[in-house]
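Please read the structure below before turning to the comments.
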Amino acid sequence: MLRLLFFLVTAIHAELCQPGAENAFKVRLSIRTALGDKAYAWDTNEEYLFKAMVAFSMRKVPNREATEISHVLLCNVTQRVSFWFVVTDSSKNHTLPAVEVQSAIRMNRNRINNAFSLNDQTLEFLKIPSTLAPPTDPSVPIWIIIFGVIFCIVIVAITLLILSGIRQRRRKNKEPSEVDDAEDKCENMITIENGIPCDPLDTKGGHINDAFMTEDERLTPL
Amino acid sequence: MAHAPEPDPASGDLGDERPKWDNKAQYLLSCIGFAVGLGNIWRFPYLCQTYGGGAFLVPYVIALVFEGIPLFHVELAIGQRLRKGSIGVWTAISPYLSGLGLGCVTLSFLVSLYYNTILAWVLWYFLNSFQHPLPWSSCPLDLNRTGFVEECQGSSAVSYFWYRQTLNITADINDSGSIQWQLLICLAACWAVVYMCIIRGIETTGKAIYFTASFPYLVLTIFLIRGLTLPGATKGLIYLFTPNMQILQNPRVWLDAATQIFFSLSLAFGGHIAFSSYNSPRNNCRKDAVAIALVNSMTSLYASVAVFSILGFKATNSYEHCLDRNVLILINEFDFPEHSISRDDYPAVLMHLTATQPRRVAQLPLKACHLEDFLDKSASGPGLAFIVFTEAVLHMPGAPGWAVLFFGMLFTLGLSSMFGNMEAIITPLLDKGVLPRRVPKEALTGLVCLVCFLSATCFMLQSGNYWLEIFDNFVAPLNLLIFAFLEVVGVVYVYGMKRFCDDIAWMTGRQPGPYWRLTWRVVSPLLLLTIFVAYVTLLARKPLSYRAWNPQYDCGPHSSPNVSGKVSPDKTPRAGAVPLAPGETLPGLGARCLRAAVPASCAVGPNGRAGPAAHPVEADVEGQERRPDTDRR
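First to last, the protein sequences are chains A and B.
For the first sequence, my numbering assigns the number 1428 to the initial residue and increments by one for each residue that follows.
For the second sequence, my numbering assigns the number 942 to the initial residue and increments by one for each residue that follows.
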């Protein structure tokens, strides 16, 4: 009799928790991906912890503070490791609505992850999207800071170059300009002999004395 | 007996004596920096890979010998001989050719506008590389923080960062949008840096060039060493350099090789004329021309080895991720224990499962993973730098450091090319004396930079990228070809071959040999004419179009994957966009997405939804035409 009752209870439980059952969720763990050599084996003790975490999450929902570990049912545990779970109410005949379970899990996702040393990617609740953490944005974007530094350096350099250019020009203007005129006159005198400019002389039959053009002058050294 | 050169008109020498390079190294580095540009990094490797690897070097070297070096020598010689910028030089040769000089200056102005815009993008990426994790490594979260932004999920994090967070691009060129202020201040910074370096002409350029010309080589070497030690690098290199001699029968190969050499050496801009006009008259420009051209080509080869070792690593990485993803899908579906299927076991296991449980396997979103598909996913132009390479850098340990180095290298490469562009504008203006002599040179350079900056703000609009592509494709190439043709013809036939050869003999000590005379007289003009005609023919064949990024474009069912066939290597129906950057071709990916666009029913309508074609998205599947000019330099 007792055995029959036991079978009945497990049969009812089995109906409540089935792959694809109403209000059931599939969970997938990737322990070896997350922990590598330090991976633990998935056994019934870990399942117990999982049930405890789910019950803990449900207890935080108003009106569900009476959720017990025995209300959480697991089934279809595979080697992957993946399984399905449902949360039943106190009568153990009905499952709690999926929306409640979903919001409870989302609220406590961090705690559940930490209990198993996993993260959102390695402990997956299919159909329960996790709230992604926003990237930490500094108050001032980094690129503006670096831009400011570079721009200031460039502006300072330009100012220095302009100022030194002005100073150079002022110094050149201060030198007696007569010296420049004299130099120009000398150049002009050199190139004009007897009123005839020198340059066209060559084309009018003048010859270049090759003796004065050394081999070195032909090519500029590197 | 050497004839004396024609008297130099003294008035052209800026009043005082003409500025001179401090030493020959500055001059050589400036010319090398001008010739070696972004195109050496992101155009040549792509060409090598597309046109049968090592086999591409054959038309490339032939073009270099018969077109590149002769034209280059002409420019250097004429600038050194006549000691003026481009306007002065061509006016001196013949008053009827003065328009050529003016054209060169105008073209340099237009090119510098959008070239510096690209540098602004590079600077933006450089500034954003100083953080970990890199901002393009993950998608931003959507509003209720349960997933990622839809546009990002449909394409990829790097594409999203480029198209949305950097450019904030509109779907259509008619839709200008607003100015992107973050790019605007980057552009201002770029022009400030350019101004700082050219403020006193070659006096300051000569100092800056020591850094900007040598830094890229340092970084390339670092990347080469790092790249060769990464797993999968050798696969990329083998794929790149495996020669496929059959491809030489395709005339497009020869056209692209000739065009690449021409644009890569930055001919017909007037920049080399300007640089060599500051030389001492008796400088061996022949040796310089050959040396600089060879250095340019060697740099292209060197860069392609570095780039392709990194891309090989990226392809291997993506291939392994693809396999791992498939393995995970199988494990999750059939509840196998973790790590029970290795990458090598996967094909056998898949076959076994397909045989035993075909229906379950057919439902799975498995993808066919072939290494060749990932190796094929190369790109050229900005697409290589801002999408492909940024993604490759993400997988390397110490990613921010590599990103900083990479974008720093691109910035200095572009900067040294900008020097040449700006000198091509400023030297003729100085020679012509547009501003009175009292006005200092700093004011002229400042004015030019300011005008350029204000004009370039149009590229900072949301549709600016489209305008840049149009500028790049249609403004520069044809004009340059015409100018180069007129240059060669002008020097050889108007100035006179004999006079020119005598000038060179006076400058270098030796008359040019028969190789030079033949190429100048016959081969180069003919080659240029052929390239020009081929270019125009190719342009005329296709309707004018541009590639758009439309976030609402849905490629539809044509790109759904199936297990048996070769499949679009990326996600299923792309809620994202036509995933092409200007100048980028992804033969495996883009082609499949675009082919669906060709039937009128699937083209993009005015509201962005799939519907009757109003703004046809270009179905440039082959993707060989319309290569931006900046790509090549």
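Quick reminder that beta carbons are idealized off the backbone N, C-alpha and C, glycines included.
Because the structure is a prediction, the values reported are computed rather than measured.
Legend entry - When A/Arg1507, A/Gln1595, A/Lys1478 and A/Asn1600 are compared against A/Thr1549, the one with the closest alpha-carbon: For A/Thr1549, the nearest C-alpha among the options comes from A/Arg1507.
Legend entry - Status (buried if at least 16 other CB within 10 Å, exposed otherwise) for A/Met1480: Flag for A/Met1480 reads buried.
Inset, instruction - Spell out whether any CB of chain B is found under 7 Å from the CB atom of A/Leu1559. - result: Closer than 7 Å: yes.
Inset, instruction - Could you pull out every unbroken alpha helix (DSSP H) segment of at least 4 residues lying fully inside the stretch 1438-1464 of chain B, listed in chain order? - result: Complete alpha helix (DSSP H) runs here, min 4: 1438-1449 and 1455-1459.
Legend entry - Secondary structure of B/Trp1576, DSSP reduced to three states: Chain B is shown only over 942 to 1574; residue 1576 of chain B falls outside these bounds and no answer can be derived.
Inset, instruction - Return the CA-CA distance between B/Pro1514 and B/Leu1271, expressed in angstroms with no decimal places. - result: Its pLDDT being 31, under 50, B/Pro1514 is placed unreliably by the model, and the measurement read from it follows with that caveat. C-alpha separation (whole angstroms): 21 Å.
Legend entry - Bridge partner(s) assigned by DSSP for A/Lys1453: A/Lys1453 is bridged to A/Trp1511.
Inset, instruction - Sort B/Ser1070, B/Leu1064 and B/Met1137 by Cα distance to A/Asn1580 and report the nearest one. - result: In the sequence as displayed, the identity of residue 1580 of chain A is Ile instead of Asn. Considering only alpha carbons, the answer is B/Met1137.
Legend entry - Own chain, CB closer than 7 Å to B/Val1015, minus 5 neighbours either side, in chain order: The beta carbon of B/Val1015 sits closer than 7 Å to the beta carbons of Glu1428, Val1429, Val1432 and Trp1461 from its chain, once the five residues preceding and following it are set aside; these are given in chain order.
Legend entry - Three-state secondary structure assigned by DSSP to B/Val1477: The answer is helix: DSSP assigns B/Val1477 an H, G or I state.
Legend entry - Status (buried if at least 16 other CB within 10 Å, exposed otherwise) for B/Val1380: Under this definition B/Val1380 is an exposed residue.
Inset, instruction - Can you say whether A/Val1513 is buried or exposed, counting buried as having 16 or more other CB atoms within 10 angstroms of its CB? - result: Counting the other CB atoms within 10 Å of its CB gives A/Val1513 a total of 16 or more, which places it among the buried residues.
Legend entry - Those residues which DSSP pairs with A/Thr1522 across a bridge: DSSP lists A/Thr1515 as partners of A/Thr1522.
Inset, instruction - Could you tell me whether the stretch 1062-1079 of chain B touches the stretch 1100-1109 of chain B, using the rule of 3 or more Cβ pairs below 8 Å? - result: The stretch 1062-1079 of chain B is in contact with the stretch 1100-1109 of chain B.
Legend entry - Chain-ordered neighbours of B/Phe1277 on chain A, where CB pairs are closer than 9 Å: Listed along chain A are Thr1505, Gln1506 and Arg1507, each with a C-beta nearer than 9 Å to that of B/Phe1277.
Legend entry - Meets three-Cβ-pair contact criterion under 8 Å: the stretch 1256-1264 of chain B and the stretch 1232-1243 of chain B: These segments do not touch.
Legend entry - CB contact below 7 Å: A/Pro1446 versus chain D: Of the protein chains in the structure, A and B, none is chain D.
Inset, instruction - Run down chain A in chain order and give the residues with a C-beta less than 8 Å from the C-beta of B/Ile1272. - result: Result: Arg1507.
Legend entry - Straight-line Cα distance separating A/Gly1592 from A/Lys1601: Taking the straight line joining both Cα atoms gives about 14 Å.
Inset, instruction - Could you check the C-alpha separation between B/Arg1227 and B/Leu1395 for me, to the nearest Å? - result: A direct Cα-Cα distance of roughly 39 Å separates B/Arg1227 from B/Leu1395.
Legend entry - Status (buried if at least 16 other CB within 10 Å, exposed otherwise) for B/Tyr1055: The residue is buried, with at least 16 neighbouring Cβ atoms inside 10 Å.
Inset, instruction - Sort out for me which residues DSSP pairs A/Glu1551 with in a bridge. - result: Note: A/Glu1551 sits in a beta bridge opposite A/Arg1455.
Inset, instruction - Establish whether the CB of A/Phe1574 and some CB of chain B are separated by less than 7 Å. - result: Closer than 7 Å to some Cβ of chain B, the Cβ of A/Phe1574 qualifies, so yes.
Legend entry - Within 7 Å of chain A by C-beta, residues of the stretch 1365-1394 of chain B in sequence order: For the stretch 1365-1394 of chain B, which is checked against every Cβ of chain A, the residues closer than 7 Å are Pro1381 and Glu1383.
Legend entry - Classification of B/Glu1410 by the beta-carbon crowding that lies within 10 angstroms, buried from 16 upward: B/Glu1410 comes out buried.
Legend entry - Straight-line gap, B/Phe1372 to A/Leu1588 (C-alpha atoms, nearest Å): For clarity, residue 1372 of chain B is Asp in the given sequence; the question names Phe instead. When the Cα atoms are used, B/Asp1372 and A/Leu1588 turn out to be separated by approximately 23 Å.
Legend entry - Under 7 Å between C-beta atoms of B/Glu1383 and B/Ile1140: B/Ile1140 is positioned such that its CB atom lies closer than 7 Å to that of B/Glu1383.
Inset, instruction - Spatial neighbours of B/Trp983 within its chain, please: CB distance less than 7 Å, with the 5 preceding and 5 following residues excluded, ordered by chain position. - result: Contacts found: Ser1321, Gly1322, Leu1325, Ala1326 and Asp1572.
Inset, instruction - Mind reading off the beta-carbon distance from B/Leu1235 to B/Phe1013? Whole number of angstroms is fine, and I expect it under 8 Å. - result: Contact doesn't hold; Cβ gap of about 11 Å is too wide.
Inset, instruction - Leaving aside the five residues before and after B/Leu1125 along the sequence, list all residues of the same chain whose C-beta is less than 6 Å from its C-beta, in chain order. - result: Excluding sequence neighbours, B/Leu1125 sits near Met1401.
Legend entry - Cβ neighbour criterion (16 or more within 10 Å) applied to B/Ile1179: Classification of B/Ile1179: exposed, given that the 10 Å Cβ count is below 16.
Inset, instruction - Can you grab the Cα-Cα spacing for the pair B/Leu1469 / B/Leu1422, in whole Å? - result: Using only the alpha carbons, I get a separation of about 7 Å.
Legend entry - CB of B/Phe1441 within 7 Å of CB of B/Gly1044, strictly: Contact flag unset, no.
Inset, instruction - Could you check which residue in B/Pro1369, B/Leu1385 and B/Cys1310 has the C-alpha nearest to that of B/Leu1376? - result: Taking only the C-alpha atoms, the option nearest B/Leu1376 is B/Leu1385.
Legend entry - Cβ separation of B/Met1359 and B/Asn1057, assumed to be a contact under 8 Å, to the nearest whole Å: With 8 Å as the limit, B/Met1359 and B/Asn1057 qualify as a contact, their Cβ atoms being about 6 Å apart.
Inset, instruction - With 8 Å as the C-beta to C-beta threshold (strictly closer), list the residues of the stretch 1456-1468 of chain A near chain B in chain order. - result: Along the stretch 1456-1468 of chain A, going in chain order, the ones with a CB nearer than 8 Å to a CB of chain B are Ser1457, Ile1458, Arg1459 and Thr1460.
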